[in-house]
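Please read the structure below before turning to the comments.
In the numbering used here, the protein residues as written are 71 to 160.
So, in structure tokens, the structure goes:
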């Protein structure tokens with residue numbers, strides 16, 4: 071997973087409860103949905119969807135609610151206070 075990502079997250083009783091948007095490779099992606107959330111020894115992981123085409127000129131995309139979307143896996147490492155990213159379909 072890559073570490074050069076900046077995440078805007080909802081933080082209620084603890085930081086990083088729900089990603090709202092992220093900036094990766096100089097582009098900002100708005101999170102449409104958090105499809106899955108789970109905890110591992112490495113950190114809290116999320117599978118999120120973003121509008122297709124936000125980051126790539128010709129993305130491979132699925133369709134959710136009639137809109138093309140891309141899926142990403144974000145991980146928040148609470149110990150190091152860092153976010154990591156990779157495409158969920160890889």
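All C-beta atoms in this analysis are idealised placements derived from N, C-alpha and C, irrespective of residue type, glycine included.
Reduced DSSP category for residue 76 - H, G, I as helix; E, B as strand; rest coil: As a working note, residue 76 is residue 6 in the chain shown. Reduced to three states, the DSSP call for residue 76 is strand.
Unbroken beta strand (DSSP E) run spanning residue 117, endpoints: Residue mapping note: residue 117 aligns to position 47 of the chain shown, counting from 1. Run containing residue 117: 114 to 121, per the beta strand (DSSP E) assignment.
Inter-residue Cα distance where the pair is residue 123 and residue 83: Counted from its first residue, the chain shown places residue 123 at position 53. Counted from its first residue, the chain shown places residue 83 at position 13. Roughly 33 Å between the two C-alpha positions.
Residues sharing a beta bridge with residue 152, DSSP: If you number the chain shown from 1, residue 152 lands on position 82. Paired residues: 147.
Residue range of the unbroken beta strand (DSSP E) whose run includes residue 101: Residue 101 sits at position 31 when you count from the first residue of the chain shown. Secondary structure note for residue 101: it is in no beta strand (DSSP E), with a DSSP letter that is neither H nor E.
Under 8 Å between C-beta atoms of residue 119 and residue 149: In the chain shown, counting from the first residue as 1, residue 119 sits at position 49. In the chain shown, counting from the first residue as 1, residue 149 sits at position 79. No. Outside cutoff.
From 96, 97 and 102, residue whose alpha carbon lies closest to that of residue 90: The residue labelled residue 90 in the question sits at position 20 within the chain shown. For residue 90, the nearest C-alpha among the options comes from 102.
Straight-line gap, residue 74 to residue 94 (C-alpha atoms, nearest Å): Numbered from 1 along the chain shown, position 4 holds the residue referred to as residue 74. Numbered from 1 along the chain shown, position 24 holds the residue referred to as residue 94. Those two C-alpha atoms are separated by around 7 Å.
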